[in-house]
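K.L.:
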Amino acid sequence: MFSERLLVTLVVLCCLRPLQPAAQKVAHHASFSGAGSILSLKEKKDSLVIRMPMRRNYRRKRREKPHILYNQNQTASIRMDDYRTVSYKGPISIGTPPKSFDVVFDTGSSDLWVFSEDSGAAHRDYLNTYDQSESSTYNGFHTTIFSIKYGIGACKGRTLREVVNIGGIGVDNQLMGQVIEYTDNFDTAENPTDGILGLAFPDAAQIKGRKYDGNVVMNMKSQGLIKEATFSFILGGDPSVDGEDGSYFLIGPPDYRYVYNNTITYVPVNSGQCPGMWCVRMDTLLIDGKELGFCAGAGGCMALPDTGTSMIVVPNFHWEDFSRRIVNGRNDCKIDGRGIFCSQGTEGLPTISIVLGFHVFHLEPKQYMLSGEVLGFMPSVLPMWILGDTFLKNVYTVFRMENKSVGFAHTNSTGYWHPPNSFLGNVREFLFYVAISLVCLSLCVGIYGTLRRCFAAQGYSRHRGYAQVMPPTMETRGSLSRMPGTGYRLDGKVINSQL
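In this text, residue positions in the sequence shown follow the numbering used here: the first is 1477, and each later residue adds one.
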């Protein structure tokens, strides 16, 4: 009887289980404006996709607030600054004694570099530079010359090995570069950044020296400093305000405090089409819920979640059709090779839906409209889509280096709203928890009944302990007779069986 009740309850539970985000049609309205790729920090001076750190000439004043926090999972959380949600940077220290630098944590590249004392940056009071003569842990053995070309801009310098500390975790002998020559787009007083910390895979590295061990997180794992080579980002910010507003770079297991509904969708990395990069499959992209063929075919599109790029970058062969459908016939909108500009706000602009791992992530107009009249999209000669800050600041993103996968989760921590439950959804959720309670109750009742029958079979009396169980008739075995209700008769004498 118990097993039948349990089976029925489990069937009801399965029927009432809430739908996952993948099964909910256009269910989630999360706002997306993330961080990006090799393209940011590679822009012209007047380009719109530039890594733009927040502080200006007071950079050498270090914050009184601690940058580093730890959660219950011992995940190191490094607080980052943003410049109007189009650029994010955070602190690291290099050398002994340690010297602080503000760098872009970039999932779109693999190299770590900062400006050298021998470069022109040494004459800028808003930039911090590395001086190898001031560090006792500088290792210039097997120094080589490196050069890196970005989408726009380039830099050149020397390799070295040093102690690098991020979030209170110190990595010994980390391969990195000190930049001596660089193009002008890396040096802006309004948007000062001391360097880049690449977080992609070794295959994409340009700074290799004699031996490349991997990025900083990989070396933390190989040196036994962390249990798994995993890191994540929660990017927040109000586009109209600069400052510290809840943006973190986290090293270690995912922090589920940032995850809406405790659901993270993991998508495997496609290293074949994008060697060394975090490219994943984007199943499709919808505009106002309509499939328009941008990701036609079984393979979908390749997309790069990149914390070093400000915008969502669209391949050139999709740009004309994509931008025309975004503008949606508005006369005040202008489209050119830099992006889309609409002078009269967001009215009439469509909702963008990006599908990753068969889970839908929506971008409403207010979420892809940047400050002023700029929309968060731009074209590129690259064949893949780049999911920059316009997308990433509205999701919690997890990068797993050992499993080679990227996780995406809706979040309610950035100040943007997550999808509200419908009335039917609330009813289903309530019934789900009622079913859970019924299962637990059925289990308790069944266990109690089983234990009660077990004890009863052993002759257990709750009032008097174990007692003789007498048959209705007398039995005689040799000289010993058992009498109903009285006890035993032995050789004609009655022996009381009462306890």
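Just so it is clear, CB atoms sit at the ideal spot from N, CA and C, and this is done for glycine as well. A quick note: this is a predicted structure, and the numbers were derived from the prediction, not measured.
(1) Report the rounded CA-to-CA distance for ALA1885 versus VAL1745, giving the unit in angstroms.
(2) Relative to the C-alpha of GLU1657, which candidate in SER1611, GLY1643 and TRP1589 has its C-alpha closest?
(3) Would a C-beta distance cut-off of 7 Å place GLY1566 and PHE1581 closer than the cut-off?
(4) Quick one: what's got a C-beta closer than 6 Å to PHE1770's C-beta in the same chain, skipping five residues either side?
(5) In angstroms, rounded to a whole number, what distance separates the CA positions of PRO1781 and GLY1752?
(6) Mind checking TYR1909: buried by the 16 CB within 10 Å criterion, or exposed?
(7) Which two residues bound the contiguous alpha helix (DSSP H) that contains MET1696?
(8) Grab me the residues of ASP1670's own chain with a C-beta within less than 7 Å of its C-beta, minus the 5 sequence neighbours each way, in chain order.
(9) Hey, out of GLY1627, GLY1629, ILE1621 and THR1664, whose CA is closest to ASP1601's CA?
(10) Count the other CB atoms, across all protein chains shown, that sit within 10 Å of the CB of LEU1927; report buried if there are 16 or more and exposed otherwise.
(11) Give me whichever residues DSSP pairs with LEU1839 in a beta bridge.
(12) Quick check on PHE1875: buried or exposed, where buried means 16 or more other Cβ atoms within 10 Å of its Cβ?
(13) On a CA-only basis, which of GLN1749, ARG1757 and ASN1737 is nearest VAL1743? Give me that one, please.
(14) Under a three-way DSSP split, which group does ASN1617 fall into?
(15) Below 8 Å on the Cβ atoms is my contact criterion, and I expect SER1595 with VAL1655 to pass it. Report the Cβ-Cβ distance as a whole number of Å.
(16) Enumerate in chain order the residues of its own chain whose CB-to-CB distance from TYR1734 is below 7 Å, with the five nearest sequence positions on each side excluded.
(17) Per DSSP, which one or two residues make a beta bridge with ALA1885?
(18) Restricting to Cα atoms, I'd like to know which of LEU1868, VAL1903 and MET1877 is closest to ALA1695.
(19) Look at the alpha carbon of VAL1945 and the alpha carbon of CYS1930, and state the distance between them as a whole number of angstroms.
(20) Output yes if chain C places a C-beta closer than 7 Å to the C-beta of ALA1598; else output no.
(21) Comparing C-alpha positions only, which one of ALA1705, ILE1642 and SER1585 sits nearest to MET1556?
(22) Report, in whole angstroms, the separation of the C-beta atoms of ARG1637 and GLY1653, which I expect to be a contact under 8 Å.
(23) Tell me where the alpha helix (DSSP H) around ILE1763 begins and ends.
(24) Can you have a look at ASP1808 and say buried or exposed, based on whether 16 or more other CB atoms are within 10 angstroms of its CB?
(25) Can you give me the C-alpha to C-alpha distance between ILE1830 and GLY1646, rounded to a whole angstrom?
(26) When you compare each of GLY1925, GLY1773, GLY1815 and SER1881 to MET1845 by their alpha carbons, which one comes out closest?
(27) Given this structure, state the Cα-to-Cα distance separating ASP1558 from SER1723, to the nearest angstrom.
(28) For LYS1869, does the count of other Cβ atoms within 10 angstroms reach 16, so buried, or fall short, so exposed?
(29) Helix, strand or coil for PHE1577, going by three-state DSSP, please let me know.
(30) Could you tell me whether the Cβ atoms of SER1585 and ALA1676 are closer together than 7 Å?
(31) In this structure, how does DSSP classify ASN1641 when only helix, strand and coil are distinguished?
(32) So which of GLN1650, GLY1644 and ILE1624 has the shortest CA-CA distance to PHE1617?
(33) Return yes when at least one heavy atom of the ligand ATP lies under 6 Å from the C-beta of ARG1814, else no.
(34) May I ask which residues mark the beginning and end of the beta strand (DSSP E) holding ASP1558?
(35) Is the beta carbon of SER1819 less than 7 Å from the beta carbon of ILE1811?
(36) With C-beta atoms as the reference, is LEU1786 less than 7 Å away from GLY1864?
P.N.:
So, to answer that:
(1) Going by the C-alpha atoms only, they are around 16 Å apart.
(2) When only C-alpha atoms are compared, the closest one is TRP1589.
(3) In this structure, GLY1566 sits near PHE1581, with a CB-CB distance shorter than 7 Å.
(4) LEU1761 and HIS1794.
(5) For PRO1781 and GLY1752, the distance between alpha carbons rounds to 13 Å.
(6) Exposed, by the Cβ-count rule.
(7) Here the alpha helix (DSSP H) through MET1696 covers 1692-1698.
(8) For ASP1670, same chain residues with a beta-carbon under 7 Å away, outside a window of 5 residues either side, are PHE1577, ASP1578, VAL1579, VAL1590, PHE1591, LEU1603 and ASN1604 in chain order.
(9) Nearest of GLY1627, GLY1629, ILE1621 and THR1664 to ASP1601, Cα basis: THR1664.
(10) Result: exposed.
(11) Bridge partners of LEU1839: ILE1828.
(12) With 16 or more other Cβ atoms from the protein chains shown falling within 10 Å of its own Cβ, PHE1875 counts as buried.
(13) With distances taken between Cα atoms, VAL1743 lies closest to ARG1757.
(14) Looking at the sequence provided, one finds Phe at residue 1617 rather than Asn. Under the three-state reduction of DSSP, PHE1617 is assigned to coil, being neither helix nor strand.
(15) Correct: roughly 6 Å between the Cβ atoms.
(16) Result list for TYR1734: ILE1710, TYR1872, THR1887 and SER1889, in chain order.
(17) In the DSSP secondary-structure assignment, ALA1885 is bridged to TYR1872.
(18) One point to set straight first is that residue 1695 is Asn, not Ala, in the sequence displayed. Residue MET1877 is the option with its Cα nearest to ASN1695.
(19) Residue confidence is low: VAL1945 scores 45 on pLDDT, short of 50, so the model does not pin down where it sits. Its coordinate-derived value is still stated next. Inter-residue distance for VAL1945 and CYS1930 is about 15 Å (C-alpha atoms, whole angstroms).
(20) No chain C is present in this structure, which holds just one protein chain.
(21) Taking MET1556 as reference, the option from ALA1705, ILE1642 and SER1585 with the minimal CA-CA separation is ILE1642.
(22) Not really, about 11 Å apart at Cβ, beyond 8 Å.
(23) For ILE1763, there is no enclosing alpha helix (DSSP H); the residue is part of the beta strand (DSSP E) that begins and ends at 1756-1763.
(24) Exposed, by the Cβ-count rule.
(25) Taking the straight line from one Cα to the other gives about 37 Å.
(26) The shortest C-alpha separation from MET1845 is found at GLY1815.
(27) Inter-residue distance for ASP1558 and SER1723 is about 8 Å (C-alpha atoms, whole angstroms).
(28) With 16 or more Cβ atoms within 10 Å of its Cβ, LYS1869 is classed as buried.
(29) Secondary structure at PHE1577: strand, using DSSP grouped into helix, strand and coil.
(30) Their beta carbons are under 7 Å apart, which means SER1585 touches ALA1676 by this criterion.
(31) ASN1641 falls in the strand class under three-state DSSP.
(32) Measuring C-alpha to C-alpha distances from PHE1617 to each of GLN1650, GLY1644 and ILE1624 identifies GLN1650 as the nearest.
(33) The model depicted lacks the ligand ATP and carries no ligand whatsoever.
(34) Looking at the DSSP string, the run of the beta strand (DSSP E) that includes ASP1558 is 1552-1558.
(35) Taking C-beta atoms as the reference points, SER1819 and ILE1811 fail to come closer than 7 Å.
(36) First, the amino acid is wrong: residue 1786 is Ser here, not Leu. Contact flag set, yes.
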